[in-house]
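Notes for the one structure printed next.
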Amino acid sequence: MTTTTFSRNGQQRSALSAVPDGGRGFSLSLEHGPLAPATARHAVRPVLEAWGLDADRVYDTLLVVSELVTNAVTHALPPVVLHLQGSVDASGRVQVHVTDGGPRTEAGHGSWAAARPEDEHGRGDQIVSALAGHTGTGTEAGLDGLIDHWAGLDAA
Numbered sequence: 026m027t028t029t030t031f032s033r034n035g036q037q038r039s040a041l042s043a044v045p046d047g048g049r050g051f052s053l054s055l056e057h058g059p060l061a062p063a064t065a066r067h068a069v070r071p072v073l074e075a076w077g078l079d080a081d082r083v084y085d086t087l088l089v090v091s092e093l094v095t096n097a098v099t100h101a102l103p104p105v106v107l108h109l110q111g112s113v114d115a116s117g118r119v120q121v122h123v124t125d126g127g128p129r130t131e132a133g134h135g136s137w138a139a140a141r142p143e144d145e146h147g148r149g150d151q152i153v154s155a156l157a158g159h160t161g162t163g164t165e166a167g168l169d170g171l172i173d174h175w176a177g178l179d180a181a
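Positions in the sequence shown are counted from 1; adding 25 to them yields our numbering.
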């Protein structure tokens, strides 16, 4: 996997490519459309609660999930697949991955989000960066150009 990663202090960090031994994992294929963010949030909430995350950590993780999925359906081609990786200890560390089909290249692709007023979009990356200890984007050589966008939420 080729990855570019960033932390809040500008240092590079490596991305996780698989659920660590004994780790927790969750995956969900999503429809490439306006219902994908809500579908992801509704599916992820009980998983995070079952993992023992507190209410604040669940909220922050759901917000990151929503923003990454929204970016995928707004700016990229299908498919859209959500993956979560969680620590097995009580630290509450969660890594959110959203894989998409890569950037749309056609102009005026008719995105549902692009039709919204300007003040209703455009801050997703800032929100993710504010909540996540580190973020990154990578390409998987064996997956026909799919792009992985991820954010790691460290223990509170």
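All residues carry an ideal CB built from backbone N, CA and C; glycine is no exception. Keep in mind that this is a model prediction, so the values were computed, not measured.
Asked	Found
Host alpha helix (DSSP H) of threonine 100 (start-end)	The sequence shown places histidine at residue 100, rather than the threonine named in the question. Segment 80-100, the alpha helix (DSSP H) holding histidine 100.
Given 8 Å, three or more beta-carbon pairs between the segment 157-165 and the segment 107-114	no
Own chain residues within Cβ distance below 6 Å of leucine 53, not counting five before or after	Ala68 and Leu107
Valine 188 vs arginine 70 beta-carbon contact at 8 Å	No information on residue 188 is available, as it lies outside the stretch 26 to 181 that the chain covers here.
Alpha helix (DSSP H) segment containing alanine 157, residue limits	Where alanine 157 is concerned, there is no enclosing alpha helix (DSSP H), given that its DSSP letter is neither H nor E.
Contact under 8 Å by Cβ, threonine 124 with aspartate 169	no
Coarse secondary structure for histidine 108, derived from DSSP in three states	strand
Beta-carbon separation (whole angstroms), alanine 176 vs alanine 155, contact threshold 8 Å	Actually they are not in contact, since the Cβ atoms of alanine 176 and alanine 155 sit about 10 Å apart, beyond 8 Å.
Contact under 8 Å by Cβ, glutamate 92 with isoleucine 152	yes
For aspartate 179, the residue or residues it bridges with in DSSP	Per DSSP, none; premise fails for aspartate 179.
Under the three-state DSSP convention, the category aspartate 173 falls into	strand
Residues sharing a beta bridge with valine 121, DSSP	Leu109 and Ala176
Arginine 49 in three-state terms, based on DSSP	strand
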